[in-house]
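Undergrad: In UniProt numbering, the protein residues as written are 1 to 238. Ideal Cβ positions, reconstructed from N, Cα and C, are used throughout, including at glycine. Here it is, the structure, as structure tokens.
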Amino acid sequence: MLLFHTGCPALQNILHGYVNSSGLNNGDTASYTCELGYTLSSSSTRFCTSNRTWNSSEPSCDLITCASPLAPVNGALHLNGSSFGGRAIYSCNVGHFLSSSNTATCNASGQWDTPAPICILHNCGNLSKPQNGLVNFAATTYGAIAYYVCDVGYNLNGSKSSTCNGTGDWDREPPTCTPIDCGPMLNPSNGHVSYFSTTYGSIANYSCNLGYFMYGSNSTTCMAEGHWLTTNPDCAQL
């Protein structure tokens with residue numbers, strides 16, 4: 001007696017996937033799943049028909065891919081694969097920094113696991129003016145230059161300018177403004193000079209000893225150039 005197979009053909013696991021069948025008879029179903037990182041090309045379920053065939057073609061497991069990201073403005077992108085497990089590596093041009101993580105990975109949902117970052121221009125922040133001086137700048141972002149000047153009567157010690165660099169810092173320490181000093185005065189012959197200070201704007205007063213009279217000014221002032229306005233007067237004998 002001849003025996004006839006009355007069910008559907010047996011099913012095999014697919015590449016990068018699996019099949020689980022409830023049976024091979026009419027109405028029985030087969031369910032397909034894929035390994036992590038793969039997705040089914042069509043329906044996950046097939047059923048056995050009355051004519052002993054499966055109702056649809058065998059699906060395949062296709063590698064999941066993520067849409068290629070764009071390089072950030074003022075930056076660059078190095079793409080190490082855009083399929084499952086691939087990595088996108090971001091970087092910024094000099095003077096800019098990333099707003100978030102520099103890497104993203106293509107996950108099992110077909111999405112990058114972190115949003116693409118943006119490149120932000122470094123800002124070095126405002127500068128304080130030195131005591132007895134000023135600082136001038138039009139901007140505080142990468143490449144901006146600040147210029148220092150001292151008030152009249154003060155010398156600038158340090159750099160006259162500072163530049164906002166690629167790490168978000170001013171590249172020079174702020175200078176200091178120190179008072180201009182004209183130096184000590186010598187008593188005129190047969191006379192005396194008195195003063196409280198020798199810095200810019202200070203006044204020195206001259207006097208002659210008893211029995212002498214003065215030729216020249218009886219006072220002088222320390223100038224912004226660092227010298228006294230006049231030389232010592234002469235004290236002549238009466």
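Have a look at L127 and Y147 and give me their C-alpha separation to the nearest angstrom.
TA: Here the question's residue 127 lines up with position 127 in the sequence shown. Here the question's residue 147 lines up with position 147 in the sequence shown. When rounded, the distance between both Cα atoms is 10 Å.
Undergrad: Buried or exposed: which applies to T6, given that a residue is buried once 16 or more other Cβ atoms fall within 10 Å of its Cβ?
TA: By one-based count along the sequence shown, residue 6 stands at place 6. Under this definition T6 is an exposed residue.
Undergrad: Between the segment 70-86 and the segment 103-113, are three or more C-beta pairs nearer than 8 Å?
TA: Yes: at least three Cβ pairs fall under 8 Å.
Undergrad: Return yes when the Cβ of G110 is within less than 8 Å of the Cβ of T65, no when it is not.
TA: Locating residue 65 in the sequence shown gives position 65, counting from the first residue. Locating residue 110 in the sequence shown gives position 110, counting from the first residue. Cβ atoms of T65 and G110: closer than 8 Å.
Undergrad: Which residues share a DSSP beta bridge with G133?
TA: Against the sequence shown, residue 133 aligns to sequence position 133. C150, per the DSSP bridge assignment.
Undergrad: Run the CB neighbour count on H227, radius 10 Å, all protein chains shown included, and call it buried at 16 or more, exposed below.
TA: Position 227 of the sequence shown, counted from the start, is the residue given in the question as residue 227. H227 is exposed by the Cβ-count criterion.
Undergrad: What does M214 pair with, by DSSP beta-bridge criteria?
TA: For this step, residue 214 is matched to residue 214 along the sequence shown. For M214, which the question treats as bridged, DSSP gives the partners C235.
Undergrad: Do L11 and S21 have their CB atoms nearer than 8 Å?
TA: Residue mapping note: residue 11 aligns to position 11 of the sequence shown, counting from 1. Residue mapping note: residue 21 aligns to position 21 of the sequence shown, counting from 1. Yes; because the gap between Cβ atoms is below 8 Å, this pair is in contact.
Undergrad: Smallest Cα separation from S202: which of S217, M223 and G158?
TA: What you label residue 202 is simply residue 202 of the sequence shown in a count that begins at 1. It is M223 whose Cα lies nearest to the Cα of S202.
Undergrad: Whole angstroms is fine: what's the gap from G191's alpha carbon to M214's?
TA: What you label residue 191 is simply residue 191 of the sequence shown in a count that begins at 1. What you label residue 214 is simply residue 214 of the sequence shown in a count that begins at 1. Going from the Cα of G191 to the Cα of M214 covers about 9 Å.
Undergrad: One question on the structure: do S189 and A204 come within less than 8 Å of each other, judged by their Cβ atoms?
TA: Residue 189 sits at position 189 when you count from the first residue of the sequence shown. Residue 204 sits at position 204 when you count from the first residue of the sequence shown. No, the pair does not count as a contact, with Cβ atoms beyond the cut-off.
Undergrad: Between which two residues does the beta strand (DSSP E) carrying P179 extend?
TA: Translated into positions along the sequence shown, residue 179 becomes position 179. Note, P179: beta strand (DSSP E), T176 to P179.
Undergrad: Which residues in the same chain as N13 place their Cβ atom closer than 7 Å to its Cβ, once the five residues preceding and following it in sequence are excluded?
TA: As a first step, residue 13 is located in the sequence shown; it is residue number 13 there, counting from the start. Within the same chain, N13 has close Cβ partners V19.
Undergrad: Apply the 10 Å Cβ neighbour rule to A139 and answer buried if 16 or more other Cβ atoms are within range, or exposed otherwise.
TA: Locating residue 139 in the sequence shown gives position 139, where the first residue counts as 1. Label assigned to A139: exposed.
Undergrad: Just to confirm the assignment: which complete beta strand (DSSP E) runs, minimum length 3, are found wholly within the segment 11-78?
TA: Listed in chain order, they are 17-21, 29-34, 38-40, 45-47 and 61-63.
Undergrad: Mapping the DSSP letters down to three states, classify A139 as helix, strand or coil.
TA: Here residue 139 is taken as the residue at index 139 of the sequence shown, counted from 1. Three-state result, A139: coil.
Undergrad: Taking the alpha-carbon positions, what's the E225 to Y212 distance?
TA: The residue given as residue 225 occupies position 225 in the sequence shown. The residue given as residue 212 occupies position 212 in the sequence shown. Each residue's Cα considered, the two are about 32 Å apart.
Undergrad: For L229, name the three-state secondary structure that DSSP assigns.
TA: Residue 229 sits at position 229 when you count from the first residue of the sequence shown. L229 falls in the coil class under three-state DSSP.
Undergrad: In three-state terms, what does DSSP make of I118?
TA: Position 118 of the sequence shown, counted from the start, is the residue given in the question as residue 118. Coil, per DSSP.
Undergrad: In three-state DSSP terms, what is F84?
TA: Counting from 1 along the sequence shown, the entry for residue 84 is found at position 84. Of the three classes helix, strand and coil, the one that applies to F84 here is coil, per DSSP.
Undergrad: Among all the DSSP beta bridges, which residues are the ones paired with V94?
TA: Counting from one through the sequence shown, the residue named residue 94 turns up at place 94. In DSSP, V94 forms no bridge with anything.
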